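Quick notes on the structure that follows.
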Amino acid sequence: MITSRLVFLSKTRVCLFPQNLYTAVTVNTPMKPTTLLASLLALLVWAQPAAHAAEKPNILFIAIDDLNDWIGALGKRTDVKTPNLDRLAARGVLFTKAYCAAPACNPSRAALMSGKRPSTTGVYHNDQPWRPVMKDTVTLSQHFMESGYRVEGGGKIFHNSYNDLASWQKWVKNPGFPSPKARAMQGTGHFDWGAHEEGDDKMGDTKVVDWGISFLKEKQVKPFFLAVGMIRPHLPFYAPQKYFDMYPLDKVQTPKVIENDLADVPPAGVKIAKPEGDHKKVVEAGEWKHAVQSYLACITYVDGQIGRLIDALDASPYAKNTIIVLWSDHGWHLGEKEHWRKFALWEEASRVVFMVVAPGVTKPKQECGRPVNLLDIYPTMIDLCGLPKRDGIEGNSLMPLLKNAKAQWEAPSITTHGRNNHGIRTERWRYIHYADGSEELYDHDNDPLEWKNLAKDPKFASVKADLIKYLPAINAPDAPKEKASKDDDDDRPKAKKGKKKDA
Ligand SMILES: [Ca+2]
Ligand SMILES: [Ca+2]
Numbered sequence: 020m021i022t023s024r025l026v027f028l029s030k031t032r033v034c035l036f037p038q039n040l041y042t043a044v045t046v047n048t049p050m051k052p053t054t055l056l057a058s059l060l061a062l063l064v065w066a067q068p069a070a071h072a073a074e075k076p077n078i079l080f081i082a083i084d085d086l087n088d089w090i091g092a093l094g095k096r097t098d099v100k101t102p103n104l105d106r107l108a109a110r111g112v113l114f115t116k117a118y119c120a121a122p123a124c125n126p127s128r129a130a131l132m133s134g135k136r137p138s139t140t141g142v143y144h145n146d147q148p149w150r151p152v153m154k155d156t157v158t159l160s161q162h163f164m165e166s167g168y169r170v171e172g173g174g175k176i177f178h179n180s181y182n183d184l185a186s187w188q189k190w191v192k193n194p195g196f197p198s199p200k201a202r203a204m205q206g207t208g209h210f211d212w213g214a215h216e217e218g219d220d221k222m223g224d225t226k227v228v229d230w231g232i233s234f235l236k237e238k239q240v241k242p243f244f245l246a247v248g249m250i251r252p253h254l255p256f257y258a259p260q261k262y263f264d265m266y267p268l269d270k271v272q273t274p275k276v277i278e279n280d281l282a283d284v285p286p287a288g289v290k291i292a293k294p295e296g297d298h299k300k301v302v303e304a305g306e307w308k309h310a311v312q313s314y315l316a317c318i319t320y321v322d323g324q325i326g327r328l329i330d331a332l333d334a335s336p337y338a339k340n341t342i343i344v345l346w347s348d349h350g351w352h353l354g355e356k357e358h359w360r361k362f363a364l365w366e367e368a369s370r371v372v373f374m375v376v377a378p379g380v381t382k383p384k385q386e387c388g389r390p391v392n393l394l395d396i397y398p399t400m401i402d403l404c405g406l407p408k409r410d411g412i413e414g415n416s417l418m419p420l421l422k423n424a425k426a427q428w429e430a431p432s433i434t435t436h437g438r439n440n441h442g443i444r445t446e447r448w449r450y451i452h453y454a455d456g457s458e459e460l461y462d463h464d465n466d467p468l469e470w471k472n473l474a475k476d477p478k479f480a481s482v483k484a485d486l487i488k489y490l491p492a493i494n495a496p497d498a499p500k501e502k503a504s505k506d507d508d509d510d511r512p513k514a515k516k517g518k519k520k521d522a
């Protein structure tokens, strides 16, 4: 009971838990038992005022699947309705140039939760189980568990197929979603969209949020790490009709594109875009606008769920002592560069929604335009909660930017798609380097939609030379694949054949 009072120590926010204290004393400084006891007592006396001064903050960790940068607060898509994400963004720091470590569910989430780059672990794709190649890795949530937190998760935090039960004291599964009676895109699997007549209450994300709300109503005896993972707006874009009604089809705009945007993209990039695949299907079916409408509808549905969760936190006794970290796992193309889905190194696939509200650290209405990465979340949360450091964590603590959104920041943000293909983003530039040595370079000051590839222009040789320096030195071989997957995007919870529910 006495040692449980050893929480935050002084301004350095170092957290001394009994096991760490024990380890530190016994391993590093062998002492006689009497000396040890005296030291402990001295430390306790010194620590007590600090323990009263600071409580350990709780964490509300919110993940959104396949949400690109179409939220109101990011300003790119002005017709999107995301009032709840926008009001949350206004409560803290909104990172306007945040990117994923990998543009696919599994490698992005594995990197975020392990703190390790895809190029370090070899987990590049959705069909590569991450745990077998990271057996001893202590994930972010495990680190909180080991630090004395109550750690529970619901819905999609890790990639569905590779959820890690060791990372949760309790985990709640998303029960799935209803489907419309008619399909917009026959024969394309879950690459489909449309409205259904069911209400929000039948949607899996609603049920996961219900669980999150019930958690927040419980009396907590320990600090908590509550992870709530949404599956929409992931395919299929099915949502209740009322969300479609907010985006009348005749007013829906497809993304701004130019003819032949791929003409200056090297073959390695064109192969990734696959213009003869999804894009051709969508255009030939006359479904482009409907797909955009459906994606917007799913975003607004999920936004409402985030609103419910935030309202529940605000109504709880934990409102003032809970850090909110919200992220989406990668972006999404809806026809830009004749590409659909994620799985690419351009802005649309790499850019994510990322915001942090940390009472006592962040100020409201802060926008940070420094290039950051989801890989930075692990070290940032260690610092925010004063947890012990971990070896092998890549990424940078964002603490300086949380305190001052305009703080000096040198690091670029790196996104990796498949072995040795990297995108490097600075405030101004995107540089893409493919495994075969081919390149793209875009100047966001003058070309925010990445239409003009400058990589072959000698004028920019020195810009490229500066960016090349940041390419990861290690490009680990591919981690073993589970099985040849017909569709790398088919990352729904495994359902039995013939089962109607679709997630
Ligand atoms: Ca995803
Ligand atoms: Ca182009």
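The end of the sequence shown is residue 522 by my numbering, with every number in the run present. In this text, a Cβ means the ideal position worked out from N, Cα and C, and glycines have one as well. The structure displayed is predicted, hence computed values, not measured ones.
Any beta carbon of chain C sitting closer than 7 Å to that of residue i?
i, result
"H309", "No chain C is part of this structure, which consists of one protein chain only."
Mapping DSSP to helix, strand and coil, what is residue i?
i, result
"M374", "strand"
"K502", "coil"
"P259", "strand"
"Y337", "coil"
"S166", "coil"
"S457", "coil"
"R150", "helix"
"I396", "helix"
"S29", "Its pLDDT being 29, under 50, S29 is placed unreliably in this model, and the value from its coordinates should be taken loosely. In the structure shown, S29 sits in coil (DSSP, three-state: anything other than H, G, I, E or B)."
"F479", "helix"
"A117", "strand"
"H463", "coil"
"P68", "Caution is warranted here: a pLDDT of 36 is assigned to P68, below 50, making its placement in the model unreliable, and the coordinate value is therefore given only provisionally. Note: P68 maps to helix in three-state DSSP."
"I83", "strand"
"M249", "strand"
Rounded to a whole number of angstroms, what is the C-alpha to C-alpha distance between residue i and residue j?
i, j, result
"G517", "T435", "Low confidence applies to G517: its pLDDT is 38, below 50, so where it sits in the model is not reliable enough to give any reading."
"K502", "W187", "26 Å"
"I396", "H215", "36 Å"
"Y461", "P242", "45 Å"
"K290", "T341", "44 Å"
"I325", "K299", "34 Å"
"A258", "S481", "48 Å"
"N47", "G141", "Because the pLDDT of N47 is 31, which lies under 50, any placement of that residue in the model is unreliable, and the number read from its coordinates should be weighed accordingly. If I take the Cα positions, the gap works out to 35 Å."
"F210", "K226", "24 Å"
"K293", "A363", "10 Å"
"L79", "E429", "29 Å"
"D105", "A130", "26 Å"
"H110", "I451", "The residue you asked about is not His; residue 110 is Arg in the sequence shown. Whole-angstrom Cα-Cα distance: 34 Å."
"F234", "M265", "31 Å"
"E278", "E459", "18 Å"
"N193", "G323", "17 Å"
"Q239", "A246", "15 Å"
"F163", "V170", "7 Å"
"K154", "A495", "16 Å"
"S138", "A484", "21 Å"
"G305", "F263", "18 Å"
"F114", "V376", "11 Å"
Regarding residue i and ligand 1, is the C-beta to nearest heavy atom distance less than 6 Å?
i, result
"D85", "yes"
"D348", "yes"
"C124", "yes"
Does the Cβ of residue i lie closer than 6 Å to at least one heavy atom of ligand 2?
i, result
"W470", "yes"
"D280", "yes"
"D283", "yes"
As a quick exercise: from the options, pick the residue whose alpha carbon is nearest that of residue i.
i, options, result
"P407", "C119, L159, A82, P499", "L159"
"G134", "D464, N415, R449", "N415"
"H463", "R447, W190, E237", "R447"
"L468", "W149, V372, A304, E366", "E366"
"L417", "M374, G437, L473, L104", "M374"
"G248", "V321, S198, R169, Q272", "V321"
"G288", "K308, D410, N472, H309", "N472"
"N392", "P383, R136, E357, D229", "R136"
"R370", "W351, A474, V376", "W351"
"I318", "A331, W212, G206", "W212"
"G354", "K425, V276, S457, A331", "V276"
"A282", "W470, P199, G379, K261", "W470"
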